[in-house]
Amino acid sequence: LIIECFAIAAYNIYIPVADDFARKITEGVVKEEYSHLNFGEVWLQENFTESQAELEAANRQNLPIVWKMLNEVADDAKVLAMEKDALVEDFMIQYGEALSNIGFTTRDIMRLSAYGLATV
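Structure (structure tokens):
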């Protein structure tokens, strides 16, 4: 879930600044990433009760890694005219929507987001 949302966010921010050739390829790739995300969301929604605790633990462990990755690629992204703040914003939108789609409440989503920020 986290990886798919991270990839989608990066592609969404890259598409507007990509050249025509890269844009066409990236648009195709992002459609595939959305299908992967949807597949995961459907499964997790159907198994929400059984997987909720594991999802929360994975979030607590992995979301700080996403922030670290964003910090590490910020300079490279800027070369491509991709701003770190835009990447963070799009990631949080994608991730929050995915968590909502599988059954987390808005309060849960904010709590899960704060876990990641607490270690940055």
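Quick note: the sequence shown, position 79, residue 1570 per our numbering, numbers continuous. Using N, Cα and C, we set each Cβ at its ideal position, and we do this for glycine too. Predicted model only: the values in this text are computed from it and were never measured.
Looking only at C-alpha atoms, which of the options sits nearest to residue i?
i     : options                       : result
E1541 : I1600, Y1606 and I1593        : I1593
L1608 : W1534, E1537, N1562 and R1514 : N1562
S1604 : A1568, V1564, W1558 and V1570 : W1558
P1555 : F1582, D1567, F1539 and A1513 : F1582
F1595 : N1550, L1578 and E1580        : N1550
A1599 : N1503, A1548, A1500 and I1504 : The amino acid occupying residue 1599 in the given sequence is Asp; Ala does not appear at that position. The residue with the shortest Cα to Cα distance from D1599 is A1548.
I1493 : N1538, A1513 and E1524        : E1524
Should residue i be labelled buried (16 or more other beta-carbon atoms within 10 Å of its own) or exposed?
i     : result
G1519 : exposed
F1497 : buried
I1499 : buried
I1516 : exposed
I1504 : buried
E1580 : exposed
- Would you call the segment 1515-1533 and the segment 1587-1605 touching, i.e. three or more CB-CB distances under 8 Å? yes
- Is the segment 1570-1577 in contact with the segment 1495-1512, if contact means three or more CB pairs nearer than 8 Å? The segment 1570-1577 is in contact with the segment 1495-1512.
- Query: Whole alpha helix (DSSP H) runs in the segment 1534-1590 with 4 or more residues, listed along the chain?
  - Reply: 1539-1570
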